[in-house]
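The structure under discussion appears below in the form of structure tokens.
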Amino acid sequence: MTDKTPIVVMKGITIEFPGVKALDGVDLTLYPGEVHALMGENGAGKSTMIKALTGVYKIDAGSITVEGKPQSFNGTLDAQNAGIATVYQEVNLCTNLSVGENVMLGHEKRGPFGIDWKKTHEAAKTYLAQMGLESIDPHTPLSSISIAMQQLVAIARAMVINAKVLILDEPTSSLDANEVQDLFKIMRKVRDSGVAILFVSHFLDQIYEITDRLTILRNGKFIKEVMTKDTPRDELIGMMIGKSAAELSQIGAKKSRREIEPGEKPLVEVKGLGKKGTINPVDLDIYKGEVVGFAGLLGSGRTELGRLLFGADKPDSGTYEFNGKKVNISDPYTALKNKIAYSTENRRDEGIIGDLTVRQNMLIALQATRGMFNPIPKKEADAIVDKYMEELNVRPRDPDRPIKNLSGGNQQKVLIGRWLATHPELLILDEPTRGIDIGAKAEIQQVVLDLAAKGMGVVFISSELEEVVRLSDDIEVLKDRHKIAEIENGDTVSQATIVETIANTNVNGKEA
Amino acid sequence: MTTATANKVKAPKKGFKLDRQMIPTLAAVVIFLLMIIMGQALFGTYIRLGFISSLFIDHAYLIILAVAMTLPILTGGIDLSVGAIVAITAVVGLKLANAGVPAVLVMVIMLLIGAVFGLLAGTLIEEFNMQPFIATLSTMFLARGIASIISTDSLTFPDNNNFAFIANEIKIIDNPKISNDLSFNVGVIIALVVVVYGYIFLHHTRTGRTIYAIGGSRSSAELMGLPVKRTQYTIYLTSAILAALASIVYTANIGSAKNTVGVGWELDAVASVVIGGTIITGGFGYVLGSVLGALVRSILDPLTSDFGVPAEWTTIVVGLMILVFVVLQRAVMAVGEKK
Amino acid sequence: MAEKAKEEGNALVKKLLGNNLTWSIVAFILLVVICTIFQHDFLALSWNTNTGGLAGPLITMLQESARYLMIATGMTLVISTAGIDLSVGSVMAVAGAAAMQSLSNGVNVWVAILIALLVGLVIGCVNGALVSLLGLQPFITTLIMMLAGRGIAKVITSGENTDASAVAGNEPLKWIANGFILGIPANFVIAVVIVILVGLLCRKTAMGMMIEAVGINQEASRMTGIKPKKILFLVYAVSGFLAAIAGLFATASVMRVDVVKTGQDLEMYAILAVVIGGTSLLGGKFSLAGSAVGAVIIAMIRKTIITLGINAEATPAFFAVVVIVICVMQAPKIHNLGAAMKRKRALKAQAKAVAA
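Residue numbers (my numbering), protein chains in the order written: chain U, 2 to 513; chain V, 708 to 1046; chain B, 197 to 552.
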């Protein structure tokens, strides 16, 4: 296949942001009729590379050639005119307009009196049909169809502009298995028509199913370009993280479950806790010193359940007992007052308060529980900040720096410090290791085990099953907004156990 | 190969389905009819042709301003400078007319002045990241300040000015009773042309569709490769030029102007747009709705005066009306989100 | 050693140059110099035995600045939450109307003051409730209040410009606007004391940090246990209350309310003071000291315009230009221009080094 002429050649791409080289001399070559995956950990430079190719960022050095013509993009329009179309994870369409309008926006068919809507909608229908969406009326509001279909609509739009390169940036992260297969069908069809597809996904299975060629990045540097079928998985993972797979599982695997004493009262006892349209009623016990893992795919309800336990969303059913007392956790403030803390999966939007300093970010939750007019005495505050910066190894050790200037891993540590400062008895950690480097990841995993050893109840939510299995005493398995199983961790339990549970149990808790 | 997908897709049922976005507009229709009926029942003058004629003739300027204001609000922006642009163009126009400059040239100059302020607002918003309301608040003060520097006197047109043709009433139905005459003037025609232009612009040009796209999500519109920046310039340029046009129609009709003309008109325009069903956060709305809103706003004045409500209450009523409609929009959107 | 001291000195100079406050004070001095050139006795101070205070152009400037200090302080807190309060000017008129009308209806002067402050507080609370509970956009909410506020002022006075200068027993209110404390204008002293109190409240308790947190990231703030709705309500209430004090200052100096002109355009002055003070219109970190200096600069600009004999009607246009210039200077584009030039130079140097 390498004898084909490439459509896109990116050579020596370098992009600098104040203080960091996001990309440092990265190459990427896309061939027609191939699905090409851009691989790398979070922060490897995948999205920066995509933004360079789509004209969002200007490159500081290197060259981009499309169909043999050197290009210098000055914005997304330039890239589109060169035949490059992109479908982003958070589907960038306009939900206030109809499906047909979204497909044709900027390319509406025109008649003597401006836009001819009849022709435009007919054209939209043709393009939608190519995506297997022939039954959708182009007049349907975009907001009324599923995310999966919206993604197909976005691809239909790429066909309108006659794209030669289609970039799919994590399109599968919020789709279920069937929807992924539908998407792959369309991808194959588009690929076979001679379009080059650049695909980004965190799911290895999908990478091996759909892609032909891989480009691996690490820390903004180009590592290697390989053919998918010639590359074993462990080798690929090794290239992505810069370590062999064996080195990965160094962190002490959980030796034994914490034994529950007979007659011991649970720290948390919820019955039928749920919220309509978010998570169906769940029963759950959490004991002191126990790590409870929430496992399930994105959208399974794992985050939603964590948010309910913290009162970030208001439950509309069920009872909640904490330390044997009935509580009504209706907002985060009440939760914190009751010694329940929750670290969000969405660090940027719901976690850090960017312009405030590390110190303020660490103290703010404790301050909120004390009330606005009861400031923490300076001495006490200093002691808290020093303690957690030290214990959690926050770098740099400068509490007066705005938190937005720290790396992702250190931001996460500051946030964990924020919650520890409130002395929680129950700590809910939602994806605490997402998007941070390997070193910080191991440190945070160790913190989780230490906290539980000190008697704290910990809920550990992660999309990485391996991590959940390694750290948890009990694993709650969720699927389609239901809790479907509770697995006591032990020697016989592995990632495979959970995957099988998800695959083979239906939402009523019965074998499928 | 695509049957699997096709089977899952449920086509939404056709038939009568009330789009929830239409609710505020329908509410405006109901309110308008109620006002007319109430006025007719109590005072008996509201469905006379003369009343309707004067409603349009006296408020042609507001209809133009309502169309102008619809554009920025559709993108989630606002143009607070329209009232001040009316003032500065009116003052300059009257000064020039009194200096003997030909009417056509005066009108062109007035429109050009509007364009300059629109261009300035567009530049501040697009090149210097100013929020639309701050940028247009600045141009509002600038325009009104300059108008006040030029003159603080009440200016009147010289005799035999060529502006009069805009104001001259043309009678369609000449009844023996003057109150039943159906008449209009060139100002009304201009307003109607503006309405038609606004409709075609928003619904039948790509720039118009881009305006809706920006209102839905600016970042999406940018990533879809739509000319967002150019469109934003077009919006603020158009609204400012239309404000200048409103100034021409208004001054021609009244025959005089002062630097304080148009104070608070930006709010009347916002009221018209919001009452007409355009969502204040952008993305949904119609020009025709804004025209309806302008009529509701217009009929408020005779109604309050017929009721004997002191004039100082009018602003409170207008304020409350905007508030009620904005809250109604919030409620409608919140219900939509829940679904 | 000497080198190190020099380096430290350079760092200090750099810090000073990067500070908004430095530039504000430089601007202030510049304005004073301009005025002194045009009017040689501009800096002259004399003792007025009739009023028991200092007199001179600078003193009248300080007297005028008191009302700006009040609205700028409230506006700073509101803007910090990424909001805006366009109703401050109208609230001044309403509060002034309430005070003057009460006085002329024979209400005790202290009760009249209390009524005025309460009216301002109530309007602020209404703004706060609409923004925080109903989630309306701040600019549209306060724009409505700006419109309706003028109407309310007119309703209170039945459309008249109520004059209470002849009412007996109005001395305390008169003193607030025109009196002196230790030779310094009383209203200025009161205003400064209030600014300091608000400043202490913000910085000695956690109020300031929480306001900033809500302005920077409302959802993240909610997740830390802060109640953003409470904070939003609070800042609009404070802004309304302070605007009422400004309204008292503005009307008490002549003991007359002008339902059209009292507080007219002053929302723009307040925004300008905040922007001069270095608080971003997008919300977040705020500086009350900066806004206070901004408020005094605004009074100084007004004084300059009068001293130079420029038509007072030009003031809004002039202020609009200042706002535009400052916002343009703060725009990322201008900052990036500098950074981009630096980066390009560095890259070029690098390329040269590689080539060599």
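Here a beta-carbon is modelled for each residue, glycine too, at the ideal position from N, C-alpha and C.
Residue i versus residue j: straight-line alpha-carbon distance, rounded
| i | j | result |
| --- | --- | --- |
| V:V980 | V:I780 | 8 Å |
| U:I85 | V:L772 | 41 Å |
| U:A504 | U:N163 | 39 Å |
| U:E468 | B:G316 | 57 Å |
| U:F323 | U:G410 | 31 Å |
| B:I493 | B:I506 | 17 Å |
| V:F908 | U:D193 | 40 Å |
| U:K255 | U:I462 | In this predicted model, U:K255 has a pLDDT of only 49, less than 50, meaning its place in the structure is not dependable; the value taken from the coordinates is given anyway. So the alpha carbons of these two residues sit roughly 16 Å apart. |
| U:N1 | B:G490 | The question about residue 1 of chain U has no answer, for chain U in this structure spans 2 to 513. |
| V:T796 | U:V201 | 56 Å |
| U:L98 | U:I168 | 23 Å |
| U:G278 | U:V293 | 24 Å |
| U:P139 | V:I918 | 20 Å |
| V:T1011 | V:N960 | 23 Å |
| V:T843 | V:L1030 | 21 Å |
| B:N413 | U:L31 | 40 Å |
Residue of the options minimising C-alpha distance to residue i
| i | options | result |
| --- | --- | --- |
| U:K379 | B:E356, B:A349, B:G436, B:T401 | B:T401 |
| U:E42 | U:I217, U:A384, U:E123, U:A382 | U:I217 |
| U:Y209 | U:K414, U:V161, U:T232 | U:T232 |
| V:S890 | V:I857, V:I897, V:D881 | V:D881 |
| V:S926 | V:I754, V:S760, V:M776, V:G783 | V:G783 |
| U:E260 | U:E291, U:T141, U:N281, U:V494 | U:E291 |
| U:K22 | U:N93, U:F223, U:P333, U:R214 | U:F223 |
| B:K499 | B:I392, B:L258, B:F482 | B:L258 |
| U:K340 | U:L421, U:N507, U:S136 | U:L421 |
| V:V815 | V:L999, V:G969, V:I955 | V:I955 |
| U:D25 | U:F18, U:I14, U:G34 | U:I14 |
Sequence-distant residues of the same chain with beta carbon closer than 6 Å to residue i, five excluded per side
| i | result |
| --- | --- |
| U:D286 | P267, E270 |
| U:M11 | L29, I65 |
| B:A262 | N383, F384, A387, F445 |
| U:Q72 | I65, A83 |
| U:L249 | Caution is warranted here: a pLDDT of 47 is assigned to U:L249, below 50, making its placement in the model unreliable, and no coordinate value can be reported. |
Cutoff 8 Å; reference residue i; Cβ partners in own chain excluding five residues on either side
| i | result |
| --- | --- |
| U:T358 | P400, D401, R402, P403, I404 |
| V:A810 | A804, N868, N869, F870 |
Residue i (DSSP reduced to helix, strand or coil)
| i | result |
| --- | --- |
| U:L31 | strand |
| B:I380 | strand |
| U:Y1 | The structure shown does not extend to residue 1 of chain U, since chain U is modelled only from 2 through 513, so no value can be given for it. |
| B:T358 | coil |
| B:A207 | helix |
| U:Q251 | A caution first: U:Q251 carries a pLDDT of 46, below 50, which makes its placement in the model unreliable, though a value can still be read off. Coil, per DSSP. |
| B:K370 | helix |
| U:D332 | coil |
| U:Q72 | strand |
| V:F758 | helix |
Close beta carbons around residue i, own chain, < 7 Å, minus the five adjacent residues each side
| i | result |
| --- | --- |
| U:Q251 | Annotation note: pLDDT 46 at U:Q251 (below 50); position unreliable, coordinate value reported separately. Taken in chain order, the list of residues that qualify is empty. |
| B:M328 | Residue identity check: residue 328 of chain B is Ser in the sequence provided, not Met. Same-chain partners within the cutoff: K425, L428, F429. |
| U:M188 | V36, I198, I211 |
| B:G270 | D281, V284, V434, S435, L438, A439 |
| U:T77 | T55, G56, V57 |
| B:G411 | S276, T277, A278, G479, G480 |
Contact list for residue i against chain A, beta-carbon separation under 7 Å
| i | result |
| --- | --- |
| B:C398 | Given the protein chain composition of this structure (U, V and B), no chain A is represented. |
> Could you give the uninterrupted runs of the alpha helix (DSSP H) lying entirely in the region 116-183 of chain U, keeping only those of 4 residues or more?
Replying inline: Listed in chain order, the alpha helix (DSSP H) runs fully inside the region 116-183 of chain U are 118-131, 148-161, counting runs of at least 4 residues.
> Can you give, in chain order, each stretch of the alpha helix (DSSP H) that sits fully within the region 794-868 of chain V and has at least 4 residues?
Replying inline: The region 794-868 of chain V contains these whole alpha helix (DSSP H) runs: 810-834, 839-857.
> Residue ranges of each beta strand (DSSP E) run of no fewer than 3 residues wholly in the region 342-427 of chain U, ordered along the chain?
Replying inline: The region 342-427 of chain U contains no whole beta strand (DSSP E) run of 3 or more residues.
> Enumerated in chain order, which unbroken segments of the alpha helix (DSSP H) with a length of 4 residues or greater are wholly contained in the region 417-484 of chain B?
Replying inline: The alpha helix (DSSP H) runs lying completely inside the region 417-484 of chain B and spanning 4 residues or more are 424-448, 462-472, given in chain order.
>> Runs of 4 residues minimum, wholly inside the region 319-357 of chain B: which ones carry the alpha helix (DSSP H) assignment?
In response: For the region 319-357 of chain B, whole alpha helix (DSSP H) runs of length 4 or above, ordered along the chain, are 334-352.
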